[in-house]
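Working notes, structure below.
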Amino acid sequence: MPAPPNSTSMTQMQSSLHQAHPAIVRITHWVGAAAMIVMILSGWAIYNASPILPFLIPQWMTLGGWLGAGIAWHIAAMWVLIVDGLVYLAWGVASGHFRRDFLPVSPRAIVRDLAAALTLRLTHREGEYNAVQKLLYVLVVTAGLLAVLTGLSIWKPVQLGSLTWVFGGYDIARRLHFALMSCIVAFLVVHIVLVALIPSTLVSMITGGRARSTAP
Amino acid sequence: MIRRADHITQIRAFERRHLIRGGLSVGALALLGGCDLSTHDGAFDRMLWAMLRFNDRMQALLFNPNRLAATFRPDQITRPFKFNAYYPLAQVRSPDPDWALEVSGLVSDTADWSLDRLGALPQESQITRHICVEGWSQIGQWSGVPLRLFLQSIGADLHARYVGFECFDDYSSSIDMASALHPQTILALEFEGAALTPEWGAPVRLRIPTKLGFKNPKNIQAITVTNKNPGGYWEDQGYNWFSGS
Chain F
25 MPAPPNSTSM TQMQSSLHQA HPAIVRITHW VGAAAMIVMI LSGWAIYNAS
75 PILPFLIPQW MTLGGWLGAG IAWHIAAMWV LIVDGLVYLA WGVASGHFRR
125 DFLPVSPRAI VRDLAAALTL RLTHREGEYN AVQKLLYVLV VTAGLLAVLT
175 GLSIWKPVQL GSLTWVFGGY DIARRLHFAL MSCIVAFLVV HIVLVALIPS
225 TLVSMITGGR ARSTAP
Chain C
3 MIRRADHITQ IRAFERRHLI RGGLSVGALA LLGGCDLSTH DGAFDRMLWA
53 MLRFNDRMQA LLFNPNRLAA TFRPDQITRP FKFNAYYPLA QVRSPDPDWA
103 LEVSGLVSDT ADWSLDRLGA LPQESQITRH ICVEGWSQIG QWSGVPLRLF
153 LQSIGADLHA RYVGFECFDD YSSSIDMASA LHPQTILALE FEGAALTPEW
203 GAPVRLRIPT KLGFKNPKNI QAITVTNKNP GGYWEDQGYN WFSGS
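Those protein sequences? They're chains F and C, same order as listed.
Using the working numbering, the first residue of the first sequence is number 25, and each one after it goes up by one.
Using the working numbering, the first residue of the second sequence is number 3, and each one after it goes up by one.
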């Protein structure tokens, strides 16, 4: 069957539509980022009311000013994070984004890309994740999901008692929630450093960018 | 350990001075922007108060009247049990010798209740986890009159929306009727098998393991059944009113 005369322009149109970051990823990324930062800062205000480790978070790094407002911020942002996370996860699964862009992650590729990253020789191809990125994204999405679940289990230890039980009971779930927050904060540090090293990634997470593999 | 809940007024006053002097910080921005629930105007505070009311509705939807809080064995009881109130232990008040529980609102019998009369009603005992809004928790044993039974005894309108508690230590709180009728919600007269002493809420306190600790008022003076939300000491300052566990 002969190709229609406008096939070239069709291909160009499709490639311009095939951005590095589709709009739904960008929107859920930034809404989720804002909600997560509010969760972390207000969570620190809550932590300070009854610290489980021998230190307090400096007051100026917390959101709310006192426990009641810290909780109010925390639970308010929780709804945003849950809705945002569900949209992101549902789309990621349904569209094949997770399967296509996050998998497979082979240990060998991780070692190779990690070594390259640590020696600042890792090249960045827009619209394509290297093995370290894949690993970090899979881990942070998992940590975010578990942080929400442990959070729900200590918010509702009676109504969601089986969830609390799965996480080892109220006191252990509370510590897991803190540990997961720590993982997410560690991710944020690495993530922001990498973005600072390759600022064009910040632009493409805002504008969508263009995937090099499909661009002419 | 000094807890901020015990000294919240002084701490908040201090924090305001400290933060404003401290210059730009997340906390200072929050305070200057009115997003610490200290006001009812300002975009952030209005949003936060609206979200608190939204959370109340969601928690009421999530509440299952048949789901029981976990119970524990006697050897799991936390000892020593931590005292907690909005004031330090030294300021605990004892009940008047002529104390009697007052009843008001949507009830058919507003007669006072002496401790003996409360003790003559059937009693329930429980070993449950008391979870503080601050995050810590401890397991204790209480026994007393199921609140459902008491509300029936005073001819309360069980379709009313709220049960309010006024305490002689100037504390107050209130709960939704569904939680009031929960089988583990009791007017506790005893703590660890002995009559309540003042620091544990003598002569009668509310023990409601399906809510956070601050919804368990001690030293109760009066109970009211109403359709107008009575609020409470902490609830009015911005702790989530429903605060279900």
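Ideal Cβ positions, reconstructed from N, Cα and C, are used throughout, including at glycine.
A quick note: this is a predicted structure, and the numbers were derived from the prediction, not measured.
Contact criterion: CB-CB distance below 8 Å. Does LEU91 of chain F meet it with respect to chain C? Stepping through the first sequence from its first residue, residue 91 of chain F is reached at position 67. Output row for LEU91 of chain F: interface = yes.
Would you verify that the beta carbon of MET249 of chain C is, or is not, closer than 8 Å to some beta carbon of chain F? The shown model of chain C, from 3 to 247, leaves out residue 249 of chain C, and the question about it has no answer.
Does DSSP classify TRP144 of chain C as helix, strand or coil? As a first step, residue 144 of chain C must be located in the second sequence, where it is residue number 142. In the three-state reduction of the DSSP assignment, TRP144 of chain C falls in the strand class.
Helix, strand or coil at TRP115 of chain C [DSSP, three-state]: Counted from its first residue, the second sequence places residue 115 of chain C at position 113. If DSSP states are grouped into helix, strand and coil, TRP115 of chain C belongs with the strands.
Using a Cβ-Cβ cut-off of 8 Å, state whether ILE70 of chain F counts as contacting chain C. Here residue 70 of chain F corresponds to residue number 46 of the first sequence, with the count starting at 1. Contact with chain C is found for ILE70 of chain F, since one of that chain's Cβ atoms lies less than 8 Å from the residue's Cβ.
Pull out every residue of the region 78-89 of chain F whose Cβ sits closer than 9 Å to any Cβ of chain C, in chain order. For the region 78-89 of chain F, which is checked against every Cβ of chain C, the residues closer than 9 Å are PRO82, GLN83, TRP84, MET85, THR86, LEU87, GLY88, GLY89.
Chain-ordered neighbours of TYR153 of chain F on chain C, where CB pairs are closer than 9 Å: Looking up residue 153 of chain F in the first sequence gives position 129. The premise fails here: TYR153 of chain F is roughly 32 Å from chain C at the closest Cβ pair, so nothing lies under 9 Å.
Give me the Cα-Cα distance between SER177 of chain F and VAL105 of chain C, rounded to the nearest whole angstrom. Walking along the first sequence from the start, residue 177 of chain F turns up at place 153. Walking along the second sequence from the start, residue 105 of chain C turns up at place 103. CA-CA distance, SER177 of chain F to VAL105 of chain C, rounds to 36 Å.
By DSSP, does ASP171 of chain C sit in helix, in strand, or in coil? Looking up residue 171 of chain C in the second sequence gives position 169. Collapsing the DSSP output to three states places ASP171 of chain C in coil.
Just confirm the distance between the C-beta atoms of SER176 of chain C and LEU214 of chain C, as a whole number of angstroms; I'd bet it's less than 8 Å. As a working note, residue 176 of chain C is residue 174 in the second sequence. As a working note, residue 214 of chain C is residue 212 in the second sequence. Not a contact, Cβ separation roughly 13 Å.
Between F:THR225, F:ILE134, F:GLY56, F:ILE95, which lies nearest to GLY240 of chain C when the distance is taken from Cα to Cα? Your numbering for residue 240 of chain C matches position 238 in the second sequence. Of the listed residues, the one whose Cα sits closest to GLY240 of chain C is F:ILE95.
How would you label PHE85 of chain C, buried or exposed, when you count the other beta carbons within 10 angstroms and need 16 or more for buried? Position 83 of the second sequence, counting from 1, holds the residue named residue 85 of chain C. By the 16-neighbour rule on beta-carbons within 10 angstroms, PHE85 of chain C is exposed.
In the structure shown, what three-state DSSP assignment does ASP77 of chain C receive? Along the second sequence, read from residue 1 onward, the residue named residue 77 of chain C stands at position 75. ASP77 of chain C falls in the helix class under three-state DSSP.
What does GLU136 of chain C reach in chain F if we use C-beta pairs closer than 7 Å? What you label residue 136 of chain C is simply residue 134 of the second sequence in a count that begins at 1. The answer, in chain order, is ALA73, SER74, LEU91.
Beta-carbon separation of LEU39 of chain C and ALA93 of chain F under 8 Å? Your numbering for residue 39 of chain C matches position 37 in the second sequence. Your numbering for residue 93 of chain F matches position 69 in the first sequence. Yes, these two residues count as a Cβ contact at 8 Å.
Beta carbons nearer than 9 Å to chain C: which residues of the region 184-195 of chain F have them? With the criterion set as a beta carbon lying under 9 Å from some beta carbon of chain C, the members of the region 184-195 of chain F are LEU184, GLY185, THR188, TRP189, GLY193, TYR194, ASP195, in sequence order.
Does the CB of ILE95 of chain F have a neighbour CB from chain C at under 8 Å? Here the question's residue 95 of chain F lines up with position 71 in the first sequence. By the rule that beta-carbons nearer than 8 Å mark a contact, ILE95 of chain F touches chain C.
Ordered along the chain, which non-local residues of its own chain (more than five positions away) have a Cβ less than 7 Å from that of ALA69 of chain F? The residue you call residue 69 of chain F lines up with position 45 of the first sequence. Scanning its chain for C-beta atoms nearer than 7 Å, with the 5 sequence neighbours on each side dropped, one finds around ALA69 of chain F the residues THR86, LEU87, GLY88, LEU91, GLY94, in chain order.
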